[in-house]
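K.L.:
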Amino acid sequence: MTAPQPLIAPEPGPAPDPALRARNARRRRRTAPRSERVASAFLHLELLVVAVIVIFPLLWIVGASFSPGTGLANASPIPENATVEHYVNLFTNTSYGRWYLNSLYVATLNMVGSVVLSALCGYVFSRIRFRGRKAGLLGILILQMFPTFLTAIAVYMLFLNFGLLDSLTGLALVSIAAALPYNTWLMKGYTDNLPSSLDEAAAIDGASRWTIFVRIVLPLMRPMLTFVAITQFTMPWMDFILPRLLLQSPDKQTVALGLFAMIEDVYQNAFTTFAAGAVILAVPITILYIVLQRYLVTGASAGAEKG
Amino acid sequence: MSTAQQRLPASVPGIASALVWGSGQLLNRQAGKAAFFFVFFAALIGWEIGSGNYYAGMDYTPRSNGGFFVKGLWGLITLGTKPREMTLTGLTEGDNSIVLMANGLISLLTLALLAIVWIWGVRDAAGYRRRLNDGGPRQSSLAYFKRLWEHSFAYIVLSPGMLLIVFMSVLPVLFGILVAFTDYNRDNLPPKNLVHWVGFENFATIFAVPSWTATFLGVLGWTLVWAVVATATTYAAGFLQAVLLANRKVRFPRVWRSIFLLPWAVPGIVSALVFRSMFNGQFGPISQWLVDVGITDERVYWFTDPSHPNLARGIALLVNLWLGFPFFMALVGGVLTNIPDSYYEAARMDGAGPLQQLRHITLPVVHRTVSPLLILAFVSNFNNFGVIYFLTQGGPDNAGYRFAGSTDLLITWLFTLTLDNRLYNIGAVMSMLIFVIVGTISVWNLNRSKAIREL
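In the order they appear, the protein sequences are chains C and E.
Residues 1 to 307, numbered by this note's numbering, are exactly what the first sequence covers, in order.
Residues 308 to 762, numbered by this note's numbering, are exactly what the second sequence covers, in order.
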């Protein structure tokens, strides 16, 4: 007996070959009627307008960083006598280098701590049934609803009274703790969706929990690990409230604090220097985000699904 | 002997363990377990006696002789009794209420953790005896701990993270809640003054003193408007851009997409500060341009003109739109690529035009996926510290408000209250109010999602 033939021929795949589709589109465009060409022109006009609105402020700040002069009024998007003196000035006359290293230190510590702890906690909450699991998950969920800021003020009052202020490591620890509930939920949600058959097979072969975690689950968690790593690495560069509360002495400032201080007083006439600092801060993070956008967008939507 | 012991009722080792930790286990002839529980007991007593002064005899007072736990609890209850005073010999050592409160909280948390061990010990002693009386097998301490070790993988792995959370999040949250019930503010700063418990007085202040109530309601109202409008505009604009980009007529869609993603990729603090400079009234290029072109006769003070609070609010919303639309564009774009073409083909066969397809296919599908994120976006806009603080710092000033400007959100007002004005107690009350509002919305949102039901 031959295998029974399906009565109805299988439907063609929903999406035709993309190359074919593009060719069809091109043909349509060439032979498009007038009304379609007008619609296309309007479409591109809209895109162009939005693109200009998006780019102008960014172009303006980059231009300002190369503009001669120091004040806000001197800034121009396309400076005529472009100069790099503000970049030199930034590293010779301000503590920008120090701030940058401070931010880098906090960011690295925050990233490593967050990834390690949230991966461990997420794995345990997802795969192991133990007493207190539900209470723990709900507890950190409630904790997460207190905005970081509210804990920050209490941390400030506590640190103030115990003389713990002004420590970069302390700042990193508070940041890790503040983001840990959310990251744990992310990791737990992601691990829930990984097939548990692999773990079970390994367990039957006698692998310990730890081996299963390191050898099997951890490699599969990589997209979410990347997401947490990027968000936790970039966060301290932009964070303002916690460092503003916890750091005080001039050599313990972060980039965000320093830049804000530079711009707070317009009469200080350091606008173009601020612009240079802003560009140096923004460029690496912007490139990172654009290159890794796929991970960042899927990670963010996964967070919403899982609460 | 052994038969007599077997008839021992289960409550005897239980009560023994409750009085002297581990003694019940000793009655059950489990020396290892007994030692284990006794170590905790000894640590508790030893710590208290070692850190206090129990040789004081009749002169004993918790304030001067109490150990870590007794003095901690005493401090938590009284918040100190003797302020710092000037005497002939100089300043006396007064009580620092806030340090006392924090120490009390730490000792209370430690006691709570030890209480878990205590309950565990009592239940273990009684339960093991009951099983023996019912004819169960004897178990050595070693076997018990071996089994415990195998079953406690979860707790061991969780402990570093949980410890960090307890001391860096739970403790501060509890501390913040306690401060809301005290008079800790700039008129009452330790160690110079003592802080006192005042019950619900701070809550009463916010709701009974007219200027406070007016500020709170005004700021809350604007915060709600801000959160709704900011979320709606960014979502609508992001949706529109995503749909336009998905159009097959668009040339180089990847290039456009990367350009539109820039506001999302550039650090928020940088963009907000850039806009703050562009909208600077005195030197900013936009004011200058408006004058040059002749639209306005004089410079516009966008964020500092008290007579135009709504101008500042409108600009803040526009800047937020610039910052926020790319995220929704990326998100909706992802959803659009997952809608099968067959949906649209079927609609076209039924004679649906592009607008009808948009309304009846694209919109519902996208909306179903994105709606939980909308709630999340609402909450984060509700607490959007960055945009407001960096852009306007709450300005323009509002004479009718207490320590708040016209664009201040609850969160930025809270920041000013605490940091610039040192009204710690009022700030703590505000924190709790924000938590209640945000918490209610989040719980409502979570109840609809499947994450909780699957827990």
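Every residue gets a Cβ at the ideal spot worked out from N, C-alpha and C, and that includes glycine.
Everything numeric in this text was worked out from a predicted model, so none of it was measured.
Beta carbon of residue 120/C, beta carbon of residue 464/E: below 8 Å?
P.N.:
Here residue 120/C refers to the residue found at position 120 when the first sequence is read from its first residue. Here residue 464/E refers to the residue found at position 157 when the second sequence is read from its first residue. Contact flag set, yes.
K.L.:
How is residue 609/E classed by DSSP in three states: helix, strand or coil?
P.N.:
The residue labelled residue 609/E in the question sits at position 302 within the second sequence. Coil, per DSSP.
K.L.:
Please tell me whether residue 12/C has its Cβ less than 8 Å away from any Cβ of chain E.
P.N.:
Walking along the first sequence from the start, residue 12/C turns up at place 12. Only weak support exists for where residue 12/C lies, its pLDDT of 42 falling under 50; the value from the coordinates is given anyway. Not an interface residue.
K.L.:
Find the residues of chain C that neighbour residue 557/E, judging by a C-beta separation of less than 9 Å, and give them in chain order.
P.N.:
In the second sequence, the residue the question calls residue 557/E occupies position 250. Near residue 557/E (Cβ distances below 9 Å), the residues of chain C are 40, 43, 44 and 47.
K.L.:
Using a Cβ-Cβ distance under 8 Å, would residue 241/C count as near chain E?
P.N.:
Numbered from its first residue, the first sequence carries residue 241/C at position 241. So yes, residue 241/C belongs to the interface.
K.L.:
Determine contact between the stretch 443-458 of chain E and the stretch 701-721 of chain E, defined as no fewer than three beta-carbon pairs at a distance below 8 Å.
P.N.:
No, they do not touch.
K.L.:
For residue 67/C, which of 56/C, 86/C, 49/C and 52/C has the nearest alpha-carbon?
P.N.:
Here residue 67/C refers to the residue found at position 67 of the first sequence. Nearest of 56/C, 86/C, 49/C and 52/C to residue 67/C, Cα basis: 86/C.
K.L.:
Go ahead and label residue 647/E buried or exposed: buried means 16 or more other beta carbons lie within 10 angstroms of its beta carbon, across all protein chains shown.
P.N.:
Here residue 647/E is taken as the residue at index 340 of the second sequence, counted from 1. Classification of residue 647/E: exposed, given that the 10 Å Cβ count is below 16.
K.L.:
With 8 Å set as the bound, which would you pick, yes or no: does the beta-carbon of residue 272/C sit closer than that to a beta-carbon of chain E?
P.N.:
Within the first sequence, numbered from 1, the residue matching residue 272/C stands at position 272. So no, residue 272/C is outside the interface.
K.L.:
Find the nearest neighbour of residue 253/C within the set 73/C, 45/C, 193/C and 106/C, judged by alpha-carbon distance.
P.N.:
Within the first sequence, numbered from 1, the residue matching residue 253/C stands at position 253. Of 73/C, 45/C, 193/C and 106/C, the residue nearest in Cα terms is 106/C.
K.L.:
If you scan the stretch 71-100 of chain C from start to end, which runs of the alpha helix (DSSP H) of 4 or more residues do you find wholly inside it?
P.N.:
85-93
K.L.:
Would you call residue 176/C buried or exposed, if buried means 16 or more other Cβ atoms sit within 10 Å of its Cβ?
P.N.:
As a first step, residue 176/C is located in the first sequence; it is residue number 176 there, counting from the start. Buried is the call here.
K.L.:
Taking 8 Å as the cut-off, decide whether the C-beta atoms of residue 271/C and residue 92/C are in contact.
P.N.:
Locating residue 271/C in the first sequence gives position 271, counting from the first residue. Locating residue 92/C in the first sequence gives position 92, counting from the first residue. Residue 92/C sits away from residue 271/C, with the two beta carbons spaced by 8 Å or more.
K.L.:
Return the chain-ordered list of same chain residues with a C-beta closer than 7 Å to the C-beta of residue 731/E, the five sequence neighbours on each side being excluded.
P.N.:
Taking the first residue of the second sequence as position 1, residue 731/E is located at position 424. Cβ within range, chain order: 486, 491, 492 and 725.
K.L.:
I need the straight-line Cα distance from residue 307/C to residue 627/E, nearest angstrom please.
P.N.:
Working through the first sequence from its first residue, we reach residue 307/C at position 307. Working through the second sequence from its first residue, we reach residue 627/E at position 320. For residue 307/C, the predicted model reports a pLDDT of 42, less than 50, meaning its position is unreliable; a value from the coordinates is still stated below. The alpha-carbon atoms of residue 307/C and residue 627/E are separated by roughly 24 Å.
K.L.:
If contacts are defined as beta-carbon pairs under 8 Å, then residue 188/C and residue 139/C qualify, I think. What distance do you get, rounded to the angstrom?
P.N.:
As a position in the first sequence, residue 188/C is number 188, starting the count at 1. As a position in the first sequence, residue 139/C is number 139, starting the count at 1. Residue 188/C to residue 139/C, Cβ: 13 Å. No contact.
K.L.:
Provide the residue(s) that pair with residue 398/E in DSSP beta bridges, ordered along the chain.
P.N.:
One-based indexing of the second sequence puts residue 398/E at position 91. Residue 398/E is bridged to 393/E.
K.L.:
Looking only at DSSP bridge pairs, what is residue 489/E linked to?
P.N.:
Along the second sequence, one-based indexing puts residue 489/E at 182. 504/E, per the DSSP bridge assignment.
K.L.:
Between residue 153/C and residue 738/E, is the Cβ-Cβ spacing less than 8 Å?
P.N.:
To locate residue 153/C, count along the first sequence from 1; it is residue 153. To locate residue 738/E, count along the second sequence from 1; it is residue 431. Cβ distance < 8 Å, so residue 153/C and residue 738/E count as in contact.
K.L.:
Are the CB atoms of residue 75/C and residue 275/C within a distance shorter than 8 Å?
P.N.:
Residue numbering aside, residue 275/C sits at position 275 when the first sequence is read from its first letter. Residue numbering aside, residue 75/C sits at position 75 when the first sequence is read from its first letter. In this structure, residue 75/C lies closer than 8 Å to residue 275/C by Cβ.
K.L.:
Reducing DSSP to helix, strand and coil, say where residue 441/E ends up.
P.N.:
As a first step, residue 441/E is located in the second sequence; it is residue number 134 there, counting from the start. Coil, per DSSP.
K.L.:
Applying the 10 Å Cβ sphere with the 16-neighbour rule, what's the burial state of residue 662/E?
P.N.:
As a working note, residue 662/E is residue 355 in the second sequence. That one is exposed.
K.L.:
So which residues on chain C does residue 421/E lean against when the C-beta distance must stay under 7 Å?
P.N.:
Against the second sequence, residue 421/E aligns to sequence position 114. Residues of chain C whose Cβ lies closer than 7 Å to the Cβ of residue 421/E do not exist, since the nearest Cβ in that chain is about 17 Å away.
K.L.:
Looking at chain C, which residues of the stretch 372-398 of chain E have a Cβ within less than 8 Å of any of its Cβ atoms?
P.N.:
Legend: CB atoms of the stretch 372-398 of chain E lying less than 8 Å from CB atoms of chain C are not found in any residue.
K.L.:
How about residue 588/E and residue 607/E: are their beta carbons less than 8 Å apart?
P.N.:
As a working mapping, residue 588/E is identified with position 281 in the second sequence. As a working mapping, residue 607/E is identified with position 300 in the second sequence. Yes, the pair counts as a contact, with Cβ atoms nearer than the cut-off.
K.L.:
Could you tell me whether the Cβ of residue 546/E comes closer than 8 Å to any Cβ of chain C?
P.N.:
Working through the second sequence from its first residue, we reach residue 546/E at position 239. Not one chain C Cβ lies under 8 Å of residue 546/E.
K.L.:
Which parts of the stretch 248-283 of chain C are runs of the alpha helix (DSSP H), unbroken and 4 residues or longer, counting only runs that do not cross its ends?
P.N.:
255-264
K.L.:
Does the beta carbon of residue 203/C sit closer than 8 Å to a beta carbon anywhere in chain E?
P.N.:
Taking the first residue of the first sequence as 1, we reach residue 203/C at position 203. Judged by the 8 Å Cβ criterion, residue 203/C is not in contact with chain E.
K.L.:
Tell me whether residue 134/C is buried or exposed, calling it buried when 16 or more other Cβ atoms sit within 10 Å of its Cβ.
P.N.:
In the first sequence, counting from the first residue as 1, residue 134/C sits at position 134. By the neighbour-count rule (16 or more Cβ atoms within 10 Å), residue 134/C is not buried but exposed.
K.L.:
How many whole angstroms separate the CB atoms of residue 681/E and residue 538/E, which I take to be in contact at a CB cut-off of 8 Å?
P.N.:
Along the second sequence, one-based indexing puts residue 681/E at 374. Along the second sequence, one-based indexing puts residue 538/E at 231. At roughly 6 Å, the Cβ-Cβ gap stays under 8 Å, so residue 681/E and residue 538/E are in contact.
K.L.:
Buried or exposed, going by whether 16 or more other CB atoms sit within 10 Å of the CB of residue 110/C?
P.N.:
For the purposes of this step, residue 110/C is taken as residue 110 along the first sequence, with counting starting at 1. Counting Cβ neighbours within 10 Å, residue 110/C comes out buried, since at least 16 surround it.
K.L.:
Are the C-beta of residue 461/E and some C-beta of chain C separated by less than 8 Å?
P.N.:
Numbered from 1 along the second sequence, position 154 holds the residue referred to as residue 461/E. Output row for residue 461/E: interface = yes.
K.L.:
Tell me the DSSP secondary structure of residue 192/C in three-state form.
P.N.:
Looking up residue 192/C in the first sequence gives position 192. Here residue 192/C sits in helix by DSSP.
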